[in-house]
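The sequence shown begins at 218 in this note's numbering and counts up one residue at a time. Think of the CB as a built atom: it goes at the ideal place given N, C-alpha and C, for glycine as much as any other residue.
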Amino acid sequence: MKKLLLIMLLLPLIGIAQDADERLMTMTTFKIKQGHTSQFQDGVKKYKKCYSEDGGEESWNFWRRSQGEGAVFGVTSMMDNWAEMDKTDEAGKDCYSIVMNFIMPHVESVSNGMARTLSDWSRKSSSSETKLAWVTYFKVEDAGDFSDVIKEVSSVMTEVEGEPRGYWYRIIGGDRDAADYMVSTVYGSYADLDIKRDGPYEMYVKAKGDKKAKEMDKMWDDAGVESWSYIWEFQEELSN
218 MKKLLLIMLL LPLIGIAQDA DERLMTMTTF KIKQGHTSQF QDGVKKYKKC
268 YSEDGGEESW NFWRRSQGEG AVFGVTSMMD NWAEMDKTDE AGKDCYSIVM
318 NFIMPHVESV SNGMARTLSD WSRKSSSSET KLAWVTYFKV EDAGDFSDVI
368 KEVSSVMTEV EGEPRGYWYR IIGGDRDAAD YMVSTVYGSY ADLDIKRDGP
418 YEMYVKAKGD KKAKEMDKMW DDAGVESWSY IWEFQEELSN
């Protein structure tokens with residue numbers, strides 16, 4: 218699928234991984250034309266079948282966004298280094314016609330992005346079963362203050378729960394409105410969202426007290442943070 222993403226980059230159009238090692242992640246988001254969702258999904262299944270039959274070895278995760286306007290899908294793929302971008306995937310080339318004939322006609326727009334994992338801030342263990350990823354995106358004015366707060370809160374989470382809850386990424390490049398960082402917290406079901414737990418702020422107050430928490434609040438404000446979030450549902454049939 219990484220090679221499919223490279224093909225997409227050549228078109229005139231537009232975490233969630235769980236590996237805590239320092240790696241690169243490619244991300245492509247598809248906004249689907251109204252009424253074309255089933256056709257798009259069928260096209261991806263055709264591509265997956267073709268790729269498998271041609272001996273393709275790349276892996277990818279497909280997700281569907283739960284909130285927001287229209288039907289939006291995302292696909293993520295991991296790389297160990299930049300050099301992997303130079304590799305040629307013959308299986309992906311052989312299936313190019315499926316992309317053009319059965320996937321892209323149903324796509325309104327495509328957005329491509331890249332990110333690097335931040336292992337020092339992230340959960341080290343992986344979830345045995347992932348059905349949902351709650352992804353929060355951050356756009357920051359002062360990366361230094363932002364990093365200091367995240368490191369401090371992650372340290373407290375590790376002391377209290379053994380490790381942080383999420384998988385952190387630093388966005389690489391993008392337009393002026395793109396996020397700078399994102400964090401993904403994974404769940405096995407929607408029912409897991411009903412489990413009551415202290416949030417990062419409440420946990421920090423209990424561990425460090427109100428005075429220290431207010432200092433972190435001020436540093437957060439000084440960092441000029443804007444944030445937004447979506448829940449993404451894992452699409453097993455479209456993943457490889």
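Query                                                                                                     : Result
Given R333 as reference, the closest of S283, V261, A396 and E369 once Cα atoms are compared              : A396
Contact under 7 Å by Cβ, M436 with D362                                                                   : yes
Y447: first and last residue of the uninterrupted beta strand (DSSP E) it sits in                         : E443 to F451
Rounded straight-line distance, which links the Cα of G252 to that of D365                                : 45 Å
Option in F319, D311 and S283 with minimal Cα separation from Q258                                        : F319
Boundaries of the beta strand (DSSP E) in which E325 is found, first to last residue                      : V324 to T334
Residue from V377, D439, G291 and G273 whose Cα sits closest to the Cα of E450                            : G291
Cα-Cα separation, L455 to G260                                                                            : 10 Å
Counterpart residues of R387 in DSSP-defined beta bridges                                                 : R333 and Y398
Inter-residue Cα distance where the pair is R282 and M433                                                 : 32 Å
With 16 other Cβ atoms within 10 Å as the buried cut-off, status of V440                                  : As written in the sequence, residue 440 is Ala, which differs from the Val given in the question. So A440 ends up on the buried side.
Span separating the alpha-carbon of A234 from that of E378                                                : Bear in mind that a pLDDT of 41 at A234, under 50, signals an unreliable position, so the number given afterwards is only what the model happens to contain. Approximately 21 Å between the Cα atoms of the pair.
Option nearest V289 by Cα separation, candidates K262, A308, V327 and D271                                : V327
Exposure label - M244; buried when at least 16 CB within 10 Å                                             : buried
Residue from L349, K423, W385 and Y418 whose Cα sits closest to the Cα of G405                            : L349
Own chain residues within Cβ distance below 7 Å of L410, not counting five before or after                : Y404
Span of the beta strand (DSSP E), counted from its first residue to its last, around T353                 : L349 to K356
Sufficient close CB pairs (3 or more, under 8 Å) joining the stretch 306 to 320 to the stretch 369 to 385 : no
Reference M321, options E380, I249, E301 and N329, closest by Cα                                          : I249
With 16 other Cβ atoms within 10 Å as the buried cut-off, status of C267                                  : buried
Simplified DSSP state of K220, which is helix, strand or coil                                             : Note that K220 scores a pLDDT of 44, beneath 50, so its modelled location is shaky; the value from the coordinates is reported in the next line. Helix.
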